[in-house]
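Q:
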Amino acid sequence: MIDKTVADVATAVAGIPDGATVMIGGFGRAGQPVELIDALIEQGAGDLTIVNNNAGNGDVGLAALLARKRVRKIICSFPRQVDSWVFDGLYRAGEIELELVPQGNLAERIRAAGAGIGAFFTPTGVGTQLAEGKEHRTIDGREYALEYPIRADFALIGALKADRWGNVVYRETARNFGPVMASAATTTIVQVDEIVPLGSIDPETVITPGIFVDRVVAVGERRWLDGGAFVGGVDLEGEPLQDAGTEGTR
Amino acid sequence: MIDKTVADVATAVAGIPDGATVMIGGFGRAGQPVELIDALIEQGAGDLTIVNNNAGNGDVGLAALLARKRVRKIICSFPRQVDSWVFDGLYRAGEIELELVPQGNLAERIRAAGAGIGAFFTPTGVGTQLAEGKEHRTIDGREYALEYPIRADFALIGALKADRWGNVVYRETARNFGPVMASAATTTIVQVDEIVPLGSIDPETVITPGIFVDRVVAVGERRWLDGGAFVGGVDLEGEPLQDAGTEGTR
Amino acid sequence: MTTISRKDLAARIAADIPEGSYVNLGIGAPTLVANYLPEGQEIILHTENGLLGMGPAPEPGRVDPDLINAGKQAVTALAGAAYFHHADSFGMMRGGHLDVCVLGAFQVSQHGDLANWSTGAPGAIPAVGGAMDLAIGAKSVYVMTDLLTKTGDSKLVAACSYPLTGVGCVTRVYTDHAVFDVTADGFAVREAFGDNTVAGLQELTGLTLIDATSAEED
Amino acid sequence: MTTISRKDLAARIAADIPEGSYVNLGIGAPTLVANYLPEGQEIILHTENGLLGMGPAPEPGRVDPDLINAGKQAVTALAGAAYFHHADSFGMMRGGHLDVCVLGAFQVSQHGDLANWSTGAPGAIPAVGGAMDLAIGAKSVYVMTDLLTKTGDSKLVAACSYPLTGVGCVTRVYTDHAVFDVTADGFAVREAFGDNTVAGLQELTGLTLIDATSAEED
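Respectively, the protein sequence lines represent chains A, B, C and D. In this text, residue positions in the first sequence follow our numbering: the first is 12, and each later residue adds one. In this text, residue positions in the second sequence follow our numbering: the first is 12, and each later residue adds one. In this text, residue positions in the third sequence follow our numbering: the first is 38, and each later residue adds one. In this text, residue positions in the fourth sequence follow our numbering: the first is 38, and each later residue adds one.
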């Protein structure tokens with residue numbers, strides 16, 4: 012029997028070594044593998060290269076990983092945010108390397124890694140600083156720059172549900188980088204609200220087939236859902252609204 | 012109000028001019044836009060370049076279009092089949108041009124056209140006749156050949172259902188080339204069993220978003236389905252089984 | 038000289054977007070355009086984090102952290118919406134499938150070059166997000182901006198001094214003073230608001246401008 | 038010398054495929070391998086026309102024209118299956134996500150080159166399908182073939198004379214006489230069936246073969 016489910020997040024992130032390249036899914040709170048990131052902080056791997064759209068917010072999650080000097084380099088499209096003070100400080104101090112990639116090139120480079128494409132010509136960024144030094148070519152009258160795949164040793168993905176074969180379904184815009192990152196990592200680790208029985212996901216609706224997934228861990232239903240239905244009562248970070256009268260635990 | 016539905020297949024294929032490049036979806040009977048192909052035969056456009064996985068079977072559909080000398084060139088991966096006598100004859104007589112493309116390169120080149128990629132390096136075909144004369148490059152120790160996008164003026168796609176915005180859902184392996192072809196044509200025409208009300212397709216399950224679709228036409232439910240449920244009783248071409256006692260009309 | 042409000046400018050842009058268009062409204066001020074799209078007309082909004090058919094902000098208490106726009110604000114999904122992943126979403130843009138994209142700008146050059154991601158200030162932390170993809174990501178790229186910076190410099194320039202976001206990508210610039218088309222011969226004043234004149238705009242921008250104010254609307 | 042039947046060869050290949058593998062069985066004879074996969078073990082079959090979790094042929098009368106394999110035969114989908122489009126499916130192969138691919142061959146060279154799509158006969162209509170994608174599309178590429186052609190020529194060769202499908206792509210060749218690994222030093226006989234010997238196989242193939250029959254099973 013194939014069973015990719017693991018008991019807890021510590022087991023899910025076991026074996027990530029120092030020096031690994033780790034993709035982390037999510038765009039904002041949507042699709043962010045919150046519990047897996049916390050487990051990675053706990054786990055201890057350092058000298059990491061992180062691939063994410065951003066470079067951490069506030070003092071939690073990815074920012075906390077950065078604050079512990081566990082990240083050597085970050086590949087992302089948008090590090091600077093109002094609350095990205097941890098990254099900002101490290102960057103200004105020269106303690107972290109940044110590879111800035113336009114968001115669509117980032118997604119496409121990750122897809123290329125998953126799909127076995129050696130390199131591709133993209134129009135995005137041509138004529139800008141971010142294409143400087145790259146190979147350029149005019150094709151059919153349009154100018155393109157050559158971009159290479161971004162691969163990872165591990166991917167940490169947040170999704171809605173999965174079965175024991177690792178077939179994954181996302182929810183709304185939480186899908187974002189999940190499917191391409193899952194395809195581009197040697198070991199893909201997915202956290203879901205719930206692991207469902209094999210056969211209960213309609214094969215037409217599988218977004219990430221299990222072939223791309225190595226470990227699946229259930230972390231419980233997110234606060235804004237109840238039995239799979241949206242109930243709200245949270246802010247954008249998923250924290251309870253002040254007036255909602257809920258208990259406020261994470 | 013956006014309404015991409017058209018009344019009949021003749022309206023759906025209206026305006027395809029002589030000399031057009033036309034992608035035709037489908038792999039075997041699955042996803043084959045049978046009624047749209049018949050309408051194209053009726054419509055009369057000639058000097059066409061056809062992009063399809065195959066080059067027609069028997070004497071119907073694409074083969075019938077070929078038999079009427081309406082196709083100048085075909086871009087496909089597998090023209091030679093046991094019943095591809097129409098293509099075979101034209102090819103041997105030098106009356107049709109063939110661009111043979113490995114199936115995965117075909118799909119990826121079509122995707123590249125839809126996704127604005129200028130060209131890409133693929134490992135498929137390297138060292139074979141089909142990569143001769145193409146630009147080669149070794150990247151990270153592996154050899155690749157450079158492939159260019161395949162665009163079309165029109166795409167004819169067969170699918171299960173759509174709404175008036177052109178959001179499309181396929182069925183099983185009938186999905187095949189539909190999504191990439193829909194993205195790579197200036198005008199994408201989709202035939203479906205049924206047009207459903209806007210909002211009745213779960214946004215999580217839309218496979219081809221309406222942005223890629225220009226015209227949608229309902230052609231009635233396929234014989235092996237009844238009210239959307241599979242009932243069988245047909246052969247691989249969708250024709251009634253001899254012993255099934257059905258009426259045998261198309 | 039007359040300047041129109043940001044809201045009026047958003048309404049002005051909205052009036053130029055035909056029914057049935059697929060539109061990306063970028064981040065910040067351009068998102069205001071959504072509020073002025075004509076009632077009862079169907080215009081389909083794209084957000085590059087994976088949604089077509091984006092609807093307005095949710096009711097209080099109905100914020101869904103899984104359903105946000107590219108500015109990481111809570112949104113809703115209309116009937117007819119579709120979700121997709123990032124590579125598909127940016128493929129949609131790069132592949133030229135969007136009709137209109139509305140963006141902010143630091144500078145736009147008379148050749149249609151756009152600078153909107155970095156002021157190039159030393160020590161600034163660079164961040165580009167989807168700006169470069171958006172800049173090349175639509176059949177028509179509209180810029181929404183004040184004509185002048187807070188210090189009175191023209192944002193329409195002969196050549197951008199700030200780092201570029203995209204080359205020759207801007208179709209039209211909607212400012213608080215006037216609407217400018219980017220043409221092969223430089224900026225053409227398409228519409229001057231209130232008491233603005235082509236001569237006055239030439240003075241403000243320091244550029245030679247084409248007078249297209251009496252041109253046919255397209 | 039002993040030759041084993043095609044069914045026995047299919048069973049022999051099936052025995053080498055571990056549980057949990059993602060496997061593509063090509064077209065023709067290799068599809069027989071599906072019939073011999075161990076009962077009760079989960080091995081996930083891929084068909085490049087867009088399905089993972091392919092099941093056996095349907096019952097009579099239950100043929101579904103929408104549900105076929107790459108050989109355009111009717112199949113079924115198991116619980117746990119997933120559908121996807123052609124670009125995603127071939128991305129899966131090209132990206133190296135399949136564990137095993139089993140293919141037929143006209144010739145395999147001692148360097149692992151595969152020829153299986155064209156005999157290069159003049160006047161023949163070329164057709165490649167997914168052959169070249171399959172040849173490079175798995176971590177292990179197994180070939181299933183008779184050792185000799187009908188005219189007695191060895192299909193294992195020093196260098197392919199037929200047009201290539203892929204270069205250096207074959208991992209192992211399962212023939213009716215023996216199982217051969219492709220190594221940096223040429224073919225190694227991993228297992229000789231019945232009364233076949235390395236010396237006898239050398240004679241049949243005309244190649245210098247490495248004797249690996251006493252090597253540890255992996």
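Heads up, the beta-carbon is just placed ideally off N, CA and C, and yes, glycines get one too. Only a predicted model underlies this, so the values are computations on that prediction, with no experimental measurement involved.
Enumerated in chain order, which unbroken segments of the beta strand (DSSP E) with a length of 3 residues or greater are wholly contained in the stretch 128 to 206 of chain A?
A: As far as the stretch 128 to 206 of chain A is concerned, its whole beta strand (DSSP E) runs of at least 3 residues are 130 to 133, 147 to 150, 153 to 158, 163 to 173 and 196 to 206.
Q: What do you get for A:T257, buried or exposed, if any count of 16 or more other CB atoms within 10 angstroms of its CB means buried?
A: Indexing the first sequence from 1 puts residue 257 of chain A at position 246. Summary for A:T257: the model assigns pLDDT 46, below 50, so the residue's position carries little reliability; its value from the coordinates is reported in the next sentence. Looking at its Cβ environment, which holds fewer than 16 other Cβ atoms inside 10 Å, A:T257 is exposed.
Q: Residues in its own chain within less than 7 Å of C:L46 by CB, not counting five upstream and five downstream?
A: Your numbering for residue 46 of chain C matches position 9 in the third sequence. Here the set comprises M181, Y211 and D213.
Q: Beta carbon of C:V145, beta carbon of C:L193: below 8 Å?
A: Along the third sequence, one-based indexing puts residue 145 of chain C at 108. Along the third sequence, one-based indexing puts residue 193 of chain C at 156. Contact: yes.
Q: Nearest chain B C-beta to C:L193 closer than 8 Å, yes or no?
A: Indexing the third sequence from 1 puts residue 193 of chain C at position 156. No, no contact with chain B.
Q: Label B:R122 either buried or exposed according to how many other C-beta atoms from any shown protein chain fall within 10 Å of its C-beta, with 16 as the threshold for buried.
A: Sequence index remark: in the second sequence, residue 122 of chain B carries index 111 (1-based). With 16 or more other Cβ atoms within 10 Å, it is buried.
Q: Between which residues of its own chain and C:G133 is the CB-CB distance below 7 Å, once the five residues before and five after are set aside?
A: The sequence position of residue 133 of chain C within the third sequence is 96, counting from 1. Around C:G133: K176.
Q: Just to confirm my understanding: we take B:A6, look at its own chain, exclude 5 residues before and 5 after, and list those with CB closer than 8 Å. What are they?
A: Residue 6 of chain B is absent from the structure shown; chain B starts at 12 and stops at 261.
Q: What does the Cβ neighbour count give for A:P44, buried or exposed, with the cut at 16 atoms within 10 Å?
A: Taking the first residue of the first sequence as 1, we reach residue 44 of chain A at position 33. Result: buried.
Q: Since C:F217 and C:V226 are thought to touch, with beta carbons under 8 Å apart, how far apart are those beta carbons, to the nearest angstrom?
A: Counted from its first residue, the third sequence places residue 217 of chain C at position 180. Counted from its first residue, the third sequence places residue 226 of chain C at position 189. That belief holds up - the Cβ atoms of C:F217 and C:V226 are roughly 6 Å apart, short of 8 Å.
Q: When the Cα of C:L89 is compared with those of C:I54, C:V60, C:S155 and C:R49, which residue comes out closest?
A: On the third sequence, position 52 is the one that residue 89 of chain C refers to. Among C:I54, C:V60, C:S155 and C:R49, the Cα nearest to that of C:L89 is on C:V60.
Q: Can you tell me whether DSSP reads B:P251 as helix, strand or coil?
A: As a working mapping, residue 251 of chain B is identified with position 240 in the second sequence. Looking at B:P251 - three-state DSSP - the assignment turns out to be strand.
Q: Could you check if B:Q253 is buried or exposed, using at least 16 other CB atoms within 10 Å of its CB as the buried criterion?
A: Stepping through the second sequence from its first residue, residue 253 of chain B is reached at position 242. It is exposed - the Cβ of B:Q253 has fewer than 16 other Cβ atoms within 10 Å.
Q: Please report the residue range of the beta strand (DSSP E) in which A:K84 lies.
A: The residue you call residue 84 of chain A lines up with position 73 of the first sequence. Taken as a continuous stretch (DSSP letters only), the beta strand (DSSP E) holding A:K84 covers V82 to C87.
Q: List the residues of chain B that C:E79 touches, going by C-beta distances under 7 Å, in chain order.
A: Taking the third sequence and counting its residues from 1, the one referred to as residue 79 of chain C is at position 42. Neighbours of C:E79 on chain B, chain order: M12 and I13.
Q: Determine, using beta carbons only, whether A:I150 comes closer than 8 Å to chain B.
A: The count along the first sequence starts at 1 and reaches residue 150 of chain A at position 139. So, interface residue.
Q: Please state the DSSP three-state secondary structure of B:Q114.
A: Within the second sequence, the letter at position 103 stands for residue 114 of chain B. Three-state DSSP puts B:Q114 in a helix.
Q: To test your reading of the DSSP string, which unbroken alpha helix (DSSP H) runs of 4 or more residues are found completely within the stretch 119 to 189 of chain D?
A: Runs found: 123 to 131 and 168 to 172.
Q: If you reduce the DSSP assignment to three classes, tell me which class B:V93 lands in.
A: Along the second sequence, one-based indexing puts residue 93 of chain B at 82. Residue state, collapsed to three classes: coil.
Q: When you compare the CB of A:G271 with every CB in chain D, is at least one pair closer than 8 Å?
A: Nothing in the structure corresponds to residue 271 of chain A, since chain A is present only between 12 and 261.
Q: At what residues does the alpha helix (DSSP H) containing A:L209 begin and finish?
A: Locating residue 209 of chain A in the first sequence gives position 198, where the first residue counts as 1. That residue, A:L209, is in no alpha helix (DSSP H); it is neither H nor E in DSSP.
Q: State the start and end residues of the unbroken beta strand (DSSP E) segment that holds B:R226.
A: Counting from 1 along the second sequence, the entry for residue 226 of chain B is found at position 215. It spans R226 to A229 - the beta strand (DSSP E) in which B:R226 sits, taken as one unbroken run.
Q: Quick check on the DSSP output: the alpha helix (DSSP H) that includes D:L241 runs from which residue to which?
A: What you label residue 241 of chain D is simply residue 204 of the fourth sequence in a count that begins at 1. Note, D:L241: alpha helix (DSSP H), V235 to T242.
Q: Excluding five sequence neighbours on each side, which residues of the same chain lie with their C-beta closer than 7 Å to the C-beta of A:E250?
A: Your numbering for residue 250 of chain A matches position 239 in the first sequence. Hits under 7 Å: none found.
Q: Quick check: what's the CA-CA separation for A:D237 versus A:E248?
A: Numbered from its first residue, the first sequence carries residue 237 of chain A at position 226. Numbered from its first residue, the first sequence carries residue 248 of chain A at position 237. Approximately 17 Å between the Cα atoms of the pair.
Q: Find the residues of chain B that neighbour A:E215, judging by a C-beta separation of less than 7 Å, and give them in chain order.
A: Taking the first sequence and counting its residues from 1, the one referred to as residue 215 of chain A is at position 204. Within chain B, the residues near A:E215 are T216.
Q: Please decide whether B:L102 counts as near chain D, where near means a Cβ-Cβ distance under 8 Å.
A: Walking along the second sequence from the start, residue 102 of chain B turns up at place 91. According to the sequence displayed, residue 102 of chain B carries Tyr and not Leu. Yes, B:Y102 counts as interfacial toward chain D.
Q: Quick one: Cα of D:G174 to Cα of B:E158, how far?
A: Along the fourth sequence, read from residue 1 onward, the residue named residue 174 of chain D stands at position 137. Along the second sequence, read from residue 1 onward, the residue named residue 158 of chain B stands at position 147. Cα-Cα distance, rounded: 18 Å.
Q: With a Cβ-Cβ cutoff of 8 Å, do A:L32 and A:A124 count as a contact?
A: As a position in the first sequence, residue 32 of chain A is number 21, starting the count at 1. As a position in the first sequence, residue 124 of chain A is number 113, starting the count at 1. Note that residue 32 of chain A is Thr in the sequence shown here, rather than Leu. Going by C-beta atoms, A:T32 is not nearer than 8 Å to A:A124.
Q: Beta carbons nearer than 7 Å to chain B: which residues of the stretch 222 to 233 of chain D have them?
A: Within the stretch 222 to 233 of chain D, no residue qualifies.
Q: Report the partner residues of C:I50 according to the DSSP bridge assignment.
A: Residue 50 of chain C sits at position 13 when you count from the first residue of the third sequence. Answer by DSSP bridge pairing: none, since C:I50 is not bridged.
Q: Only counting the same chain, and skipping five residues up and downstream in sequence, which positions put a Cβ closer than 7 Å to that of A:R182?
A: Locating residue 182 of chain A in the first sequence gives position 171, counting from the first residue. Closer than 7 Å at the Cβ level, and outside the excluded window around A:R182, lie L171.
Q: Distance, Cα to Cα, C:A195 vs B:P208?
A: To locate residue 195 of chain C, count along the third sequence from 1; it is residue 158. To locate residue 208 of chain B, count along the second sequence from 1; it is residue 197. Between C:A195 and B:P208, the C-alpha separation is close to 51 Å.
Q: Three or more beta-carbon pairs under 8 Å between the stretch 210 to 223 of chain B and the stretch 116 to 123 of chain C, yes or no?
A: The stretch 210 to 223 of chain B is in contact with the stretch 116 to 123 of chain C.
Q: Ignore the nearest five residues each way along the sequence and tell me which others in B:E46's own chain have a CB closer than 6 Å to its CB.
A: Residue numbering aside, residue 46 of chain B sits at position 35 when the second sequence is read from its first letter. Contacts found: V20, Q202 and V230.
Q: Here's the rule: buried if 16 or more other CB atoms are within 10 angstroms of the residue's CB, otherwise exposed. What is D:E56?
A: Residue numbering aside, residue 56 of chain D sits at position 19 when the fourth sequence is read from its first letter. Exposed: under 16 other Cβ atoms inside 10 Å.
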